[in-house]
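Down below is the structure, laid out as structure tokens.
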Amino acid sequence: PVTGSECGNLLFRFAGTSGEPLFFNCHMDTVQPGVGVRVRRRGDIFTSAGDTVLGSDDKSGIAALIEAMRVIRENNIRHVPVEFIFTTCEEIGLLGAKALDPALVRARQGYALDSSGFGRVIIGAPASNRIVFTVRGVAAHAGLHPEWGINAISLAARAISRCPSGRIDPESTVNLGTIHGGAASNIVPEEVIIEGEIRSHSQQRLDELTRRLVDIFRKTVADWHDPTGQARGRPGLEADVQLDFPLMRLSRQDAVVQRVQRAAAAMGMELRFEIAGGGSDANIFNGHGLQTAIIATGMRHVHSTDEEVSLTDMVELTRLLVSLLRG
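Everything in the sequence shown is counted per this note's numbering, starting at 1 for the first residue and increasing by one.
Structure representation (structure tokens):
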């Protein structure tokens, strides 16, 4: 009922012998088209049959976690206490992670297995605000009495044209992505709704850009003047701003980063530590004070029917997970 998914989040716990507990996170949903997936293997590469996504985003992470725990159990390897957190509805707004009660998570640090490529660890990602502007005008017959109306679409267009858009600086982006309104071509449009987002790796810049967009829309509506003096009312505006996901920023000195670096070094693997431009469940966990880095799983060409993952990368990922689980 909270996320709209047919199932809830799944939380698994495995008692360990000693060491600092860890959690691992993956999401169970995929993008569309994702029904009736037929997996094909060509040499070392897994793909779909070409009419759906493969679903390695994020099933490759789930598969590697299950295999890592199987290896641990079959070989009686001592391991740290561990939790697996499998969330729903990540692809449509991180809904499962947002609905999860963080008090249920015992470990204070962990990893989300959810990024493309291999040998990458994401230690930073932007925060994002969702913004919805509702511009209200006055409806009137467009042919008989257009002077009586106030065209909400024209007013919204004026505001949009004054807004920054695209990449604003190296850390920040703005996108007004959808617009809909009006009832018919012979009616002066009474209402238009614009939805967008602001992202930034700087909380200060996120706040500044959000205020800037809101101020532009408010000033545009407030400065409207009636060219004929016959309009039956004045325009109005509603601006709704919601935090979509919080900032994620770890340092190379943080325990969770040092831990994966040691685990990789123990098996002779080199890692690249990078900053990403998208949000994930890891943003939500970090926002709850749970240090979370993102480990790439080897998935490639995600969100397309060309999606693929290699067996070699999944084996190496599993080896890294076993190394982490050893503590």
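Heads up, the beta-carbon is just placed ideally off N, CA and C, and yes, glycines get one too. Because the structure is a prediction, the values reported are computed rather than measured.
Query - Ile131 classed as buried or exposed, judged by whether at least 16 other C-beta atoms fall within 10 angstroms - result: Mapped onto the sequence shown, residue 131 falls at position 131. It is buried - the Cβ of Ile131 has at least 16 other Cβ atoms within 10 Å.
Query raised in the report: Applying the criterion that 16 or more other CB atoms from any shown protein chain within 10 Å of the CB defines a buried residue, is Asn129 buried or exposed?
Result: As a first step, residue 129 must be located in the sequence shown, where it is residue number 129. Flag for Asn129 reads buried.
Query - Other residues of its chain near Gly181: CB distance less than 7 Å, five sequence neighbours each side excluded - result: Working through the sequence shown from its first residue, we reach residue 181 at position 181. So the qualifying residues of the chain are Ala152, Ile153, Pro189, Glu191, Val192 and Ile193.
Query - Per-residue DSSP class, three states only, for Ser310 - result: Position 310 of the sequence shown holds residue 310. Ser310 falls in the strand class under three-state DSSP.
Query raised in the report: In this structure, does DSSP put Ile179 in helix, strand or coil?
Result: Locating residue 179 in the sequence shown gives position 179, where the first residue counts as 1. DSSP places Ile179 in strand when its eight states are reduced to three.
Query raised in the report: Quick one: what's got a C-beta closer than 6 Å to Thr318's C-beta in the same chain, skipping five residues either side?
Result: Stepping through the sequence shown from its first residue, residue 318 is reached at position 318. For Thr318, where only same-chain residues beyond five positions count, the Cβ hits under 6 Å are Ala64, Glu67 and Ala68.
Report task. Report the three-state DSSP secondary structure of Ala63 (helix, strand or coil). Result -> Along the sequence shown, one-based indexing puts residue 63 at 63. In the structure shown, Ala63 sits in a helix (DSSP, three-state: H, G or I).
Query raised in the report: Using CA coordinates, which residue listed in Asn75, Phe133 and Cys26 is at the minimum distance from Ala97?
Result: Position 97 of the sequence shown, counted from the first residue, corresponds to residue 97. Residue Cys26 is the option with its Cα nearest to Ala97.
Query raised in the report: Using the C-alpha atoms, what's the distance from Arg252 back to Ile122?
Result: For the purposes of this step, residue 122 is taken as residue 122 along the sequence shown, with counting starting at 1. For the purposes of this step, residue 252 is taken as residue 252 along the sequence shown, with counting starting at 1. When rounded, the distance between both Cα atoms is 11 Å.
Report task. With distances taken Cα to Cα, identify the nearest neighbour of Arg136 among Leu155, Ala125 and Arg120. Result -> Reading the sequence shown from its first residue, position 136 is the one you call residue 136. When only C-alpha atoms are compared, the closest one is Leu155.
Query - C-alpha distance - His288 paired with Pro102, whole-angstrom precision - result: To locate residue 288, count along the sequence shown from 1; it is residue 288. To locate residue 102, count along the sequence shown from 1; it is residue 102. About 7 Å.
**Report entry** Start-end ranges of the alpha helix (DSSP H) lying completely within the segment 62-104, minimum 4 residues
**Finding:** 95-99
Query raised in the report: Are Ile72 and His79 closer than 9 Å when you measure CB to CB?
Result: Here the question's residue 72 lines up with position 72 in the sequence shown. Here the question's residue 79 lines up with position 79 in the sequence shown. Yes, the Cβ-Cβ distance between Ile72 and His79 is below 9 Å.
Query raised in the report: Shortest alpha-carbon distance to Glu195 belongs to which of Ser185, Gly177 and Arg120?
Result: As a first step, residue 195 must be located in the sequence shown, where it is residue number 195. If we check each option's Cα against that of Glu195, Gly177 comes out closest.
**Report entry** Span separating the alpha-carbon of Asn286 from that of Met248
**Finding:** Within the sequence shown, numbered from 1, the residue matching residue 286 stands at position 286. Within the sequence shown, numbered from 1, the residue matching residue 248 stands at position 248. Distance between the alpha carbons of Asn286 and Met248: 6 Å.
Query raised in the report: In angstroms, rounded to a whole number, what distance separates the CA positions of Pro21 and Gly4?
Result: Mapped onto the sequence shown, residue 21 falls at position 21. Mapped onto the sequence shown, residue 4 falls at position 4. Near 31 Å, if we compare the C-alpha coordinates of Gly4 and Pro21.
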